[in-house]
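Encoded as structure tokens, the structure appears first; notes follow it.
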Amino acid sequence: MEPIMKPEQIESKIVIIRDQKVILDSDVALLYGVETKRINEAVKNNPDKFPNGYIISLNKKEWDSLKSKFSTTKLSKTNFY
Numbered sequence: 106m107e108p109i110m111k112p113e114q115i116e117s118k119i120v121i122i123r124d125q126k127v128i129l130d131s132d133v134a135l136l137y138g139v140e141t142k143r144i145n146e147a148v149k150n151n152p153d154k155f156p157n158g159y160i161i162s163l164n165k166k167e168w169d170s171l172k173s174k175f176s177t178t179k180l181s182k183t184n185f186y
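Number 126 in the numbering used here belongs to position 21 of the sequence shown; there are no gaps in the numbering.
Following this line, the structure appears as structure tokens:
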């Protein structure tokens with residue numbers, strides 16, 4: 106079975122926010138070959154399986170900055186892991 110994403114593709118999905126390496130929930134979903142909502146459901150339904158601080162909520166300034174970096178992609182309000 107062929108991997109869904111190659112290591113270099115995963116590395117290109119990582120962004121730095123607040124000096125932390127994070128990845129969009131939609132990219133995590135792509136990595137696992139599932140819908141984004143399934144990743145978010147897993148986090149919501151199993152909070153004890155994820156470390157404290159696993160989800161990062163962005164303030165408006167951070168969100169606007171991130172959107173400008175991804176101006177060619179469709180970004181909706183999303184989670185980061």
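Using N, Cα and C, we set each Cβ at its ideal position, and we do this for glycine too.
{"Query": "Bridge partners - Val127, DSSP secondary structure assignment", "Result": "Val120"}
{"Query": "Ile109, DSSP secondary structure in three states", "Result": "coil"}
{"Query": "Endpoints, the alpha helix (DSSP H) within which Lys149 is located", "Result": "141–150"}
{"Query": "Backbone CA spacing between Gly138 and Asp132 [nearest angstrom]", "Result": "10 Å"}
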